[in-house]
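Residue numbers (the working numbering): 1 to 156. Glycine included, C-beta positions come from ideal geometry on N, C-alpha and C. A quick note: this is a predicted structure, and the numbers were derived from the prediction, not measured. The structure appears below as structure tokens.
Structure (structure tokens):
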């Protein structure tokens with residue numbers, strides 16, 4: 001079911017991008033709370049870290065991405081907002097669906113995109129990073145985040 005939701009979000013994003021309006025929708029807008037308007041994917045953790053830095057979120061990887069053959073992913077760590085953040089990029093986006101179906105995927109401590117996740121120590125940081133990256137933070141509101149993971153409207 002989560003794979004269907006991700007596919008629907010991607011399809012909705014492509015339809016929204018084709019709208020005839022002269023003003024594009026905000027990158028982090030969404031038609032439903034928790035469903036990103038665009039689902040970002042990255043080939044490596046280095047590219048994910050670059051995207052964070054490009055959005056003004058300092059993330060200097062502690063080491064080059066390590067390959068995890070068991071989960072078909074690459075991972076590394078950096079410090080974001082004085083919290084250790086673990087970055088993971090899966091080669092196969094269906095692995096995200098498996099992660100979201102697990103208890104770890106619903107803790108409120110992760111920001112999740114199309115083929116990646118970043119785990120944090122607090123739900124507030126997970127929620128803020130998810131919002132900035134156009135992603136979701138499943139369970140963040142229930143875990144005590146003070147902000148929404150993907151607002152239904154934004155003011156440009």
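Helix, strand or coil for residue i, going by three-state DSSP, please let me know.
| i | result |
| --- | --- |
| residue 75 | strand |
| residue 80 | strand |
| residue 66 | strand |
| residue 89 | strand |
| residue 44 | coil |
| residue 55 | coil |
Given that a residue counts as buried once 16 or more other Cβ atoms are within 10 Å of its Cβ, and exposed if not, what is residue i?
| i | result |
| --- | --- |
| residue 66 | exposed |
| residue 42 | buried |
| residue 126 | buried |
| residue 123 | buried |
| residue 70 | exposed |
| residue 64 | exposed |
Would you report the Cα separation of residue i and residue j, rounded to the nearest angstrom?
| i | j | result |
| --- | --- | --- |
| residue 57 | residue 130 | 11 Å |
| residue 137 | residue 112 | 6 Å |
| residue 54 | residue 120 | 19 Å |
| residue 39 | residue 50 | 17 Å |
| residue 78 | residue 133 | 16 Å |
| residue 82 | residue 110 | 16 Å |
| residue 114 | residue 46 | 16 Å |
| residue 92 | residue 48 | 15 Å |
Leaving aside the five residues before and after residue i along the sequence, list all residues of the same chain whose C-beta is less than 8 Å from its C-beta, in chain order.
| i | result |
| --- | --- |
| residue 100 | 2, 106, 112, 138 |
Using C-beta distances below 6 Å, list every residue in its chain close to residue i, excluding the 5 sequence neighbours before and after it, in chain order.
| i | result |
| --- | --- |
| residue 88 | 73, 75, 117 |
| residue 52 | 59 |
| residue 135 | 36, 111, 112, 113 |
Unbroken beta strand (DSSP E) runs of length 3 or more, entirely within the segment 99-143: which are they?
110-112, 116-119
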